[in-house]
Structure formats: C-alpha cells, structure tokens
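Contents: one structure, followed by commentary.
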Amino acid sequence: MVTKASIKKVKKSVQPLLVVGTVAVDSVETPFGKRDECFGGSASYFSYSASFFTPVRLVAVVGKDFPSQYRKVLEEKNINLEGLQIHPTGKTFRWKGKYDFDLNNAQTLETHLNVLLQFDPVVKGGNQVDYLFLANFDPTLQMKVLKQVERPRVKLVALDTMNFWIQNKRKDLKTVIEHVDLIVLNDGETRQLTGENNLIKAARKIRDMGPDIIVVKKGEHGVLLFYRDQFFALPAFPLDSVFDPTGAGDTFAGGMMGYIAKQNSVTFDTLKRAVAYGSVMASFTVEKFSLDRLRELGGSDIDERLSEFRALTKF
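The following block contains the structure:
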C-alpha cells in the first residue's frame, strides 16, 4: 500500500528516478471550462505523479518569467530541481490548446517553444541514474541525454514521443528507440511509426526496433502492455466527470515509472501493476485542470482507487 509512512521510507531507500522533459505554462479550454496560464509540461506532470512512489530528479529549462508559485508546486514533493535550468533572457515554453467533446484529441491553437530552442540538457551524476525517462521532446536531445548516463548501470530507460517527431525526425527518433528498453506511445502514434493498423502487429515491429517493452495508450479505452512475447490489456478507470485530459499521458508514465523504481524490478508482474498504478494516477489528473487534482492526493486515495480498479477488472 502507498501510505505516508511508506512514502517516507521510499525517500531514504530508493535511488532517484531521472526525468528529462518540458516544464511549461499552458492555456487550456475544454467543454467544461477554461484555464489560462496554468502549470503544465511533460516533466511537471511526470515528476509530480512519480514522486508519490520514489524520489525524482528533474532536468528541464524555463525562462525568467516562470512563475515562482509553480516551482513551489514541485517543491511540495520529493523532486530534486537542481537540473531545472533558468534561462537568463528567454521565456518559458507555452502551449495553448482546446478540446471538443472528443477528449482524446487536442487541437493545438498556439505553441511558443521559447527557451526550448536553446535547451541543452545537462545530467549531473550520470553514473548514479538507476531509472531514466525521456519525456516527449526532440529526439536529438534525447540521444544527447542518453550519452550522459552510465548505460550499464541504468536498469530501465524509457521513452515517450509524439506524432510531430515521428513525422519530422523519424531517422533520429529510430536511433533513440534502438537504445531504450521501454517506449510509451498512443495508438495513433504506434500506427504512424510502424505503418501497421493492427496494434499487436505494430508492437511486434517496434520490438524489432529495440525495446523489449511497448506500452500503447488508448485514452478512455485503456492501455496495452507488450513485454517480449507476453501481452496484457487494461481498461481505463471509468469516471463520471472529466474536465481536462492535458498531462494525463505524462501522469500515467510518472505513476508507471515511479512504481517500477520503487519496486526496483522490471518483471512482467511488476510491469502489469505499474501500468495499473499509472492508469489510476492519470484518472485523477483529468478530474481537474493542471496539477490541481494531484496536489490534493494522499497515499490512501491512490490505494482506494486501485482497489476499486482491481474489483472492476476482476472476473
């Protein structure tokens, strides 16, 4: 169980999980509301979610305009921010998006890369990384991060990406994929990367590219896990209110990787439970805008929802 006592114990005993990604300011509109200038970014959602299970080290870049209150949000949890670079003149990455009633697809209205254009990720203590998550950003930079860690020591390297990189930097992306153990994609990205409509065939093609573990997110339809020749499917946790799906995939990945790092194990059984914890964490995120719902959580909330989830999927 994830209790306050167990979280304190984790802080002392588990080696940090490293995430490299984006910290951003978002403006989001859904059929249920609108929020301007709210806290976002792949590394933000990931690290906050993962920190319920294990200490996290975050590497990202922001501008001098990054709101101090958002940094304090990350400081609430066991997240090491020494790798959060502050660009002296540039502005923080900003994204503006809108969702219609199909909450699986976001319409991007504005993207301002700003300081991301000068981002040069630096990993201090690369020989002390046990678990590494390369969140969604330029694959050339993801490869640069990989070269800074002591690969034989790292027990699991995981990668996230998106349709933009698949379309525009396919060669660089495939080079990174060759060097990772786990990849997280949504169903559309999986088909785009492989040219296969059938997700099982697509997963086999991705496995041939390098990773032993393929996680395919299907939004409200759940998740598929492929581990070598083994397969696991899990539905999404059913909710009667979904306000904002932004960051749900990053929250899922954070819960999944945080649990794996806490267990210090990469067996099929551990991966199945990790996917379940990731799904539970994502189910909380979508209930409010930004990281608001995650900030309300205690360990007992996570365990209670996991128990509900287990009861719903047992037959």
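Note that the numbering used here has the sequence shown beginning at 769, numbered continuously upward. Where a beta carbon is used, it is the ideal one built from N, C-alpha and C, also for glycine. Please read all numbers here as calculations on a predicted model, not as lab measurements.
Beta carbon of residue i nearer than 8 Å to that of residue j
{"i": "K915", "j": "D898", "result": "no"}
{"i": "S973", "j": "F1020", "result": "A small correction: the amino acid at residue 973 is Lys; Ser does not occupy that position in the sequence shown. Cβ atoms of K973 and F1020: not closer than 8 Å."}
{"i": "G1026", "j": "A1004", "result": "no"}
{"i": "D870", "j": "T1014", "result": "no"}
{"i": "Y816", "j": "L1059", "result": "yes"}
{"i": "V948", "j": "V925", "result": "yes"}
{"i": "E843", "j": "L852", "result": "no"}
{"i": "Y813", "j": "T1053", "result": "yes"}
{"i": "G1017", "j": "N954", "result": "yes"}
{"i": "G858", "j": "Q875", "result": "no"}
{"i": "R959", "j": "A970", "result": "yes"}
{"i": "K832", "j": "I847", "result": "no"}
{"i": "G865", "j": "V791", "result": "no"}
{"i": "L950", "j": "V983", "result": "yes"}
{"i": "T1081", "j": "L992", "result": "no"}
{"i": "P920", "j": "V788", "result": "no"}
DSSP-derived helix/strand/coil call for residue i
{"i": "E878", "result": "strand"}
{"i": "F1020", "result": "helix"}
{"i": "R839", "result": "helix"}
{"i": "S781", "result": "In this prediction, S781 scores a pLDDT of 42, lower than 50, which makes its location untrustworthy; the coordinate-derived value is nonetheless stated afterwards. Helix, per DSSP."}
{"i": "S774", "result": "Legend: pLDDT at S774 = 42, less than 50; position of this residue unreliable, value from coordinates given subsequently. Reduced to three states, the DSSP call for S774 is helix."}
{"i": "N872", "result": "coil"}
{"i": "V913", "result": "helix"}
{"i": "S795", "result": "strand"}
{"i": "V891", "result": "coil"}
{"i": "E805", "result": "strand"}
{"i": "G963", "result": "coil"}
{"i": "M769", "result": "The pLDDT assigned to M769 is 46, lower than 50, so where the model puts this residue is not dependable; a value taken from the coordinates is nonetheless given after this. Coil, per DSSP."}
{"i": "A903", "result": "coil"}
{"i": "D940", "result": "helix"}
{"i": "S1075", "result": "helix"}
{"i": "S815", "result": "helix"}
{"i": "D978", "result": "As written in the sequence, residue 978 is Gly, which differs from the Asp given in the question. Three-state result, G978: coil."}
{"i": "T857", "result": "coil"}
{"i": "D955", "result": "helix"}
{"i": "F834", "result": "coil"}
{"i": "K969", "result": "helix"}
{"i": "F1083", "result": "coil"}
{"i": "P920", "result": "coil"}
Assumed close pair residue i, residue j - CB separation to whole angstroms, cut-off 8 Å
{"i": "N904", "j": "D928", "result": "5 Å"}
{"i": "V944", "j": "Q896", "result": "Incorrect: roughly 22 Å between the Cβ atoms, too far for contact."}
{"i": "V1043", "j": "F1000", "result": "7 Å"}
{"i": "F1057", "j": "R803", "result": "4 Å"}
{"i": "H880", "j": "F861", "result": "7 Å"}
{"i": "L1007", "j": "S1051", "result": "6 Å"}
{"i": "V829", "j": "L786", "result": "Not confirmed; about 15 Å, so no contact."}
{"i": "I934", "j": "E957", "result": "6 Å"}
{"i": "A818", "j": "V824", "result": "5 Å"}
{"i": "F820", "j": "I1028", "result": "Not really, about 13 Å apart at Cβ, beyond 8 Å."}
{"i": "F1011", "j": "E1055", "result": "6 Å"}
{"i": "G1023", "j": "G1046", "result": "4 Å"}
{"i": "N872", "j": "E988", "result": "6 Å"}
{"i": "F807", "j": "V841", "result": "6 Å"}
{"i": "K1030", "j": "T822", "result": "5 Å"}
Sheet register partners of residue i (DSSP bridge)
{"i": "V828", "result": "With the sequence shown as reference, residue 828 is identified as Ala, and Val is not the correct amino acid for it. Partner(s): L852."}
{"i": "G865", "result": "V796 and T876"}
{"i": "V787", "result": "L826 and F901"}
{"i": "A926", "result": "F901 and L950"}
{"i": "I847", "result": "V824"}
>> Report the start-end ranges of each beta strand (DSSP E) in the segment 980-1023 that is 3 residues or longer and not cut off at the edges.
In response: 981-985, 991-995 and 998-1002
> Which full runs of the alpha helix (DSSP H) of 4+ residues lie inside the segment 1021-1071, going along the chain?
Replying inline: 1036-1053
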